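Visitor: To convert, take the position in the sequence shown, counting from 1, and add 22; that gives the working numbering.
Backbone N, C-alpha and C define an ideal beta-carbon position, used for all residues, glycine too.
These numbers were taken from a predicted model, which means no experiment stands behind them.
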Amino acid sequence: MAAVFPLQGVIRPYAWGSRTAIAELQGRPAPSDAPEAELWLGAHPGDPSTVTGPDGPVSLAALIADDPKGQLGAEVADEFGVRLPYLMKLLAAEAPLSLQAHPDADYAKQAWAAQEADPAAPRNYTDAHHKPEMLVALTAFDALCGFRAPDVSAAAIEGLAIPRLAPVVAALRTGPSGLRDAVQTLLTWPADDRAALITEVVAAAANGPSDHAESYSLATDLAGHYPGDPGVLVALLLNLVHLAPGEAIWMPAGNLHAYLSGTGVEIMAASDNVLRGGLTPKRVDVGELLRVLRFEVLENPILAATEVAPGVQTWQVPVREFALYRLTLTPTTPPLSLPGTGPRIIFGTQGDVYVAEAVDGTPVEVTPGTAAYVPAETGPATVAGVGQIFVASVAG
């Protein structure tokens, strides 16, 4: 049956999550009993959402499996198989996340096959897919995204005046070609000296030159969360990004990044392949991370929104699996056609918005923190009301 359905996501309680952001958005008591880090909206097998249909609740993954061409559309099903190719999330970071990167599509496929063929191989991969991703800030949002100019990083580390970091500074002074050596040196720092090094970094940062004050403040903050972690210094090689609401960062394959604080809407290809390099108690595989990293400078990590129709904005990224739109409806806004193609997920962030089929569908109400699902077979749909919604879609 073609329709628009309410969608119930799943909250993941990672330790770095906020106890207030998601709860307050959804109108629940805050603080919550446990950290609430991510609200997953999609059909990823790790935590598929639930659709409320005429016969009651059903897993979105099961709904798609039972009727892939109706739910996804023939073109999407032929290209991506029996799976929703994107995953949408609401992310709420109260503490810094791990330094991480994701493999490209070809490498993910090969690495997954090799891992599955060798039971003794490290279990770095959960699937055969890549995971390009984008985050749009809902609040002020801080993140590390991509390598900054190596000479700036070299000056910041040199300003700490720690002699045993001289090889790192020397590598960075050679330009982008030295980024690999600098990262490898830091991430393979002798384990028995890491705690002492980071303690020395924090002490030096308190008295470092003022022109690198932001870098030193970052190092001190990260060391407070992850003492003895060499990722504290790797962070100084990256762009520190301060997003305003509506601004985005795009993280293609091989881009080293870490979220630091804030709330945002994230969309990615539907994969859970993450290679971590530090700032985490989770498993780190430095060798595998170095194989997927792109050691190049990211000049401008921030993406501004592009208006594609009155009240409709998007962020242009070169990926097929997903597109993300933000719709803003005011009291004078007429009903808007739902943008995107194929299966779409709608997530509310402000106000009260109704989503309906173009002709005779019963409207589904979307309020802050709630969501709706529009199968491909539903076809054109409209939204009306007053508020703000995000729409995830397959890219056209």
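On the criterion of 16 or more Cβ atoms from any shown chain inside 10 Å, does ASP382 qualify as buried, or is it exposed?
Guide: Only weak support is given to the placement of ASP382: the predicted model assigns it a pLDDT of 47, under 50, and the question is left unresolved by the model.
Visitor: Which stretch, first to last residue, makes up the beta strand (DSSP E) that contains GLU329?
Guide: 328 to 331 is the span of the beta strand (DSSP E), which, as asked, contains GLU329.
Visitor: With C-beta atoms as the reference, is ASP7 less than 8 Å away from ARG105?
Guide: Because residue 7 is not part of the residues shown, which for the chain are 23 to 418, the question remains open.
Visitor: Just list the residues that DSSP pairs GLY286 with in beta bridges.
Guide: In DSSP, GLY286 forms a bridge with LEU113, ALA159.
Visitor: Could you give the distance in angstroms between the alpha-carbon of ALA65 and the alpha-carbon of ALA43?
Guide: Looking at the two C-alpha atoms, the distance is approximately 23 Å.
Visitor: Would you mind working out which of ALA193, GLN410, ARG170 sits nearest ASN322, comparing C-alpha positions?
Guide: ASN322 has its Cα closest to that of ARG170, out of ALA193, GLN410, ARG170.
Visitor: So does GLY391 have its beta carbon nearer than 7 Å to some heavy atom of the ligand NAD?
Guide: This structure does not include the ligand NAD; it has no bound ligands of any sort.
Visitor: Work out the CA separation of PRO356 and ALA37 for me, nearest whole Å.
Guide: Each residue's Cα considered, the two are about 42 Å apart.
Visitor: Please state whether DSSP places ASP55 in a helix, a strand or coil.
Guide: Coil, per DSSP.
Visitor: How far does the beta strand (DSSP E) with ILE179 in it extend, from its first residue to its last?
Guide: Run containing ILE179: none in the beta strand (DSSP E); it sits in the alpha helix (DSSP H), 172 to 180.
Visitor: Under the assumption that VAL408 contacts PRO353 (Cβ atoms under 8 Å), give the Cβ distance between them as a whole number of angstroms.
Guide: Yes, VAL408 and PRO353 are in contact; Cβ-Cβ is about 6 Å, under 8 Å.
Visitor: Run through DSSP, which three-state label would THR221 get?
Guide: In this structure, THR221 counts as helix in the three-state DSSP scheme.
Visitor: Whole angstroms are fine: how far does the CA of ILE289 sit from the CA of ALA226?
Guide: Approximately 39 Å, taken between the alpha carbons.
Visitor: When you compare the region 162 to 180 with the region 277 to 284, are there three or more beta-carbon pairs, one atom per stretch, that lie closer than 8 Å?
Guide: They touch, by the three-pair rule.
Visitor: For the alpha helix (DSSP H) holding TRP62, just list the boundary residues, first then last.
Guide: TRP62 -> not in any alpha helix (DSSP H); beta strand (DSSP E) instead, spanning 60 to 64.
Visitor: If we count the other Cβ atoms within 10 Å of its Cβ and call it buried at 16 or more, is PRO53 buried or exposed?
Guide: PRO53 should be labelled exposed.
Visitor: Just curious, the alpha helix (DSSP H) that ARG195 is in, first and last residue?
Guide: Its alpha helix (DSSP H) spans residues 188 to 195.
Visitor: Whose C-beta lies closer than 6 Å to the C-beta of PRO274 among residues of the same chain, with five residues either side of it excluded?
Guide: Here the set comprises PRO154.
Visitor: Measuring only the C-alpha atoms, how far is GLY168 from VAL256?
Guide: C-alpha separation (whole angstroms): 11 Å.
Visitor: Within 10 angstroms of the Cβ of VAL330, are there 16 or more other Cβ atoms? Answer buried if so, exposed if not.
Guide: So VAL330 ends up on the exposed side.
Visitor: ALA159 and LEU265: beta carbons closer than 8 Å?
Guide: Yes; because the gap between Cβ atoms is below 8 Å, this pair is in contact.
Visitor: Taking three-plus beta-carbon pairs below 8 Å as touching, is the region 175 to 193 in contact with the region 121 to 141?
Guide: Counting Cβ pairs under 8 Å, fewer than three are found: no touch.
Visitor: Is DSSP giving HIS264 helix, strand or coil here?
Guide: Looking at HIS264 - three-state DSSP - the assignment turns out to be strand.
Visitor: For VAL381, which three-state DSSP category applies?
Guide: Below a pLDDT of 50, predicted positions are generally treated as unreliable, and VAL381, at 44, falls in that range; no measurement from the model is reported.
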